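Just add 147 to wherever you are in the sequence shown, counting from 1, and you've got our numbering. C-beta: ideal position from N, C-alpha, C; glycine also. No experiment lies behind these values; they were computed from the predicted model shown.
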Amino acid sequence: MTTSFTNEPQRPGLTRAQLLRLGAALCASAALPSFAQQQGRPVMKMNTRLIPSTQEALPVIGCGTWIGFDQRPGTEEYKRLPGVLDALFAAGGKVIDSSPMYGRSEETTGELLAASKQRENSEAFLATKVWTSGREAGIAQMEQSFARLRTQRIDLMQVHNLVDWKTHLATVRGWKDKGRVRYIGITHYTASAYGDVEAVLRAEKLDFVQINYSLDAREAEQRLLPLAAERGVAVIVNMPFGGGGLLRRLRDQPLPAWAGEIGCASWAQVLLKFVLSHPAVTCTIPGTSRAEHMADNAAAGAGSFPDAAFWRSNAPSIGR
């Protein structure tokens, strides 16, 4: 079998057993770099891709905070979350995506970053959203996000699901001019809204668009991903596991033989490699609340990514 890859350097992937041990160490000590060094293994660093509007390099795998970070201090779930961010940063990742509609997730993110000092060290690329109607309501909600995230600057402010997008883009552009926001964008999560997303992409100058894309939801390939590339807009992919349903269906199935050839030790890595194989995709943000899963996800960002011909040949039935 001939395997074709995009033009990126090949690096070996961690085995699933190594990833699980790595995550266990994170949970126990939140000290992944020293753990890896003690085991005689280098800490893997993921690939980056350029944000078209500035040519800033962005790591290809980040962390989504929906559900997983909606936790209260003192709970067992909350106590696991520092390890998630440690695993992200140790692998070379930095994008953390949240929203005011994600319950306590923004607040949790701000607490964890303040405790770890990663924000001050410029490790984190903070992305959040505005999700309301009306100028004043939007301003109030975004100010609340600044407070919850404990920051004076948000890297990416996105209009969530296109709600009152004209109003909010005008506000955020003003804030970008003042340096409060570095990038602006729009988001959606369903193919039924792609017509509206396409219209905004054609009408407005944006830095980012965030959309769903996965092996079982590939509609974005038809128009949105090519349009984003044409317009010079960075793409963040949400729901790379098909909203979790695809990964759950595959979990108990054996990995195909070709998974090892592309550096994948888990189904999660296969699904992430697929998403990142599209050249228009800048970054993907799988959500998790477990350090071992974050480490597993991040490993998919290292090495090369197969081209479209590879996926047509080897994975035609996955997600069908």
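| Check | Outcome |
| --- | --- |
| Coil, strand or helix - M441 by DSSP | helix |
| Beta-carbon spacing of V380, L348 below 8 Å | yes |
| Cα-Cα separation, A449 to E254 | 30 Å |
| Assigned secondary structure, L244 (DSSP; H/G/I helix, E/B strand, else coil) | Looking at the sequence provided, one finds Asp at residue 244 rather than Leu. D244 falls in the strand class under three-state DSSP. |
| Local conformation of R329 per DSSP, three classes | strand |
| As assigned by DSSP and simplified to three states, the class of D233 | helix |
| DSSP three-state assignment for A172, whether helix, strand or coil | Note on A172: pLDDT 35, under 50, position unreliable in the model; no value is reported. |
| Any C-beta of chain D under 8 Å from that of S280 | The structure shown contains no chain D, having only a single protein chain. |
| Where the alpha helix (DSSP H) containing P373 begins and where it ends | L371 to R378 |
| Anticipated Cβ contact below 8 Å, R295 with G257, distance rounded | 5 Å |
| Distance, P220 Cα to L259 Cα | 10 Å |
| Residues bridged to Q305 [DSSP beta-bridge criterion] | K276 and G332 |
| Rounded C-alpha distance that separates R300 from V277 | 15 Å |
| L296, DSSP secondary structure in three states | helix |
| With 16 other Cβ atoms within 10 Å as the buried cut-off, status of K241 | buried |
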